[in-house]
Amino acid sequence: MDPQHTPIRWGIAATGKIAGQFANAFSELDDQSQLVAVGSRRADTAQQFAETHAIPTAHASYQALADDPNVDVVYIASLQPGHVGDALTFLNAGKHVLVEKPMALSAAEVDQMIDAAQRHDRFLMEAMWMRFNPGPVEAVRMLNEGAIGPLRNLAIDFTISVPDDPRHRLRSLDHGGGALLDLGIYPLTLAWWLLGEPTTMTVDGTVERGVDTQCTINARWGDTTATLTAGLNSTGPLSARIEGDQGVLTIEVPFHSASQITLTGPDDDQQRIDTAPGSLHFQAAEVNRCLRAGERQSSRNPWATSRAILAACDTIRAELGVRYPTER
Numbered sequence: 412m413d414p415q416h417t418p419i420r421w422g423i424a425a426t427g428k429i430a431g432q433f434a435n436a437f438s439e440l441d442d443q444s445q446l447v448a449v450g451s452r453r454a455d456t457a458q459q460f461a462e463t464h465a466i467p468t469a470h471a472s473y474q475a476l477a478d479d480p481n482v483d484v485v486y487i488a489s490l491q492p493g494h495v496g497d498a499l500t501f502l503n504a505g506k507h508v509l510v511e512k513p514m515a516l517s518a519a520e521v522d523q524m525i526d527a528a529q530r531h532d533r534f535l536m537e538a539m540w541m542r543f544n545p546g547p548v549e550a551v552r553m554l555n556e557g558a559i560g561p562l563r564n565l566a567i568d569f570t571i572s573v574p575d576d577p578r579h580r581l582r583s584l585d586h587g588g589g590a591l592l593d594l595g596i597y598p599l600t601l602a603w604w605l606l607g608e609p610t611t612m613t614v615d616g617t618v619e620r621g622v623d624t625q626c627t628i629n630a631r632w633g634d635t636t637a638t639l640t641a642g643l644n645s646t647g648p649l650s651a652r653i654e655g656d657q658g659v660l661t662i663e664v665p666f667h668s669a670s671q672i673t674l675t676g677p678d679d680d681q682q683r684i685d686t687a688p689g690s691l692h693f694q695a696a697e698v699n700r701c702l703r704a705g706e707r708q709s710s711r712n713p714w715a716t717s718r719a720i721l722a723a724c725d726t727i728r729a730e731l732g733v734r735y736p737t738e739r
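Using the numbering used here, the first residue of the sequence shown is number 412, and each one after it goes up by one.
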């Protein structure tokens, strides 16, 4: 199959909530691509998912999905502890891969995935959908073009209320839980997107039953500072406020997929900018674009960026004292 000239055929690995959202969003793609298969660890869940989303083929294992000759690229929607193993399964089988964020549990795991992609000459990208959603994309464009002058301070929050149940995936070390990797990665990624790697970072947080339930990252780039917060125990503002010399830009709630931006000038005059709402299909469209261009990574979300952010998360987790079972 040559994805530059024929329909790109997608498979989905896993059948949970985010997999269903991706399947629903796939229909919004306006190019030639097809959702042709789903794989699960159980035949019944694969079949049910296929019937719900009108997918022609259901596989009772990820290996069967990897071996399917009619699949070109796989979206991995499993829980994060499985990302590295699942990605290696598909890359080693010659499939291109879009893997749900966080790309892995650590930078070391990302290195394994990049190595496999390079050895097999396959496309690989972290599914950080925020980097492709119209609202954040427009906000970053405006800021880069000087809408509020030089940036001075960022306050970005992703704090939500999660049931205090150790079986909940966000509160389970076995499931890769914790506020940082599942939620805090969004504020960190947005700040990184705007300013690059911080010059310095300090972190404070709360750890309960081995899982980080709250973290605050204070980052600095010269004269620019950022307070990046994430948590599981309450509902936060869920917005991004970026202050500059000539005004304030706010990406409204929830900032990672918001369709509304508010620009406040130095005289407190306000302008509202509306965009299309966030959707998981925008990142799939980028994968399709890259495959048709023969590219093995996206310039909009390259391997080096995903790895660097996970390396920063490694440092933050070490300071908080959070270690996953696979690291012991």
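Built from N, CA and C at the ideal position, the CB exists for glycine as well.
- Annotation: T726 to W603 spans about 16 Å, alpha carbon to alpha carbon.
- In its chain, beyond the 5 residues on either side, I423, A424, A425, G427, I429, A430, F433, E511 have a beta carbon closer than 7 Å to the beta carbon of A488.
- Fewer than three beta-carbon pairs drawn from the region 637–654 and the region 533–545 are found closer than 8 Å, and the two stretches are therefore not classed as touching.
- M536 has L509 as its beta-bridge partners, per DSSP.
- According to the DSSP assignment, F569 belongs to the beta strand (DSSP E) that extends over 562–570.
- Measuring C-alpha to C-alpha distances from D634 to each of R530, E439, N564 identifies N564 as the nearest.
- Contact check for G642 against T570 passes: the beta carbons are separated by less than 8 Å.
- Between the region 580–595 and the region 711–728, the count of C-beta pairs closer than 8 Å reaches three or more; the two stretches touch.
- H531 and I466 have their C-alpha atoms spaced approximately 27 Å apart.
- The Cβ atoms of H692 and P547 lie no closer than 8 Å to each other.
- Between G560 and Q657, the CB-CB gap stays under 8 Å.
- When beta bridges are read from the DSSP output, E608 appears opposite no residue.
- Annotation for A424: the continuous beta strand (DSSP E) segment containing it runs 419–424.
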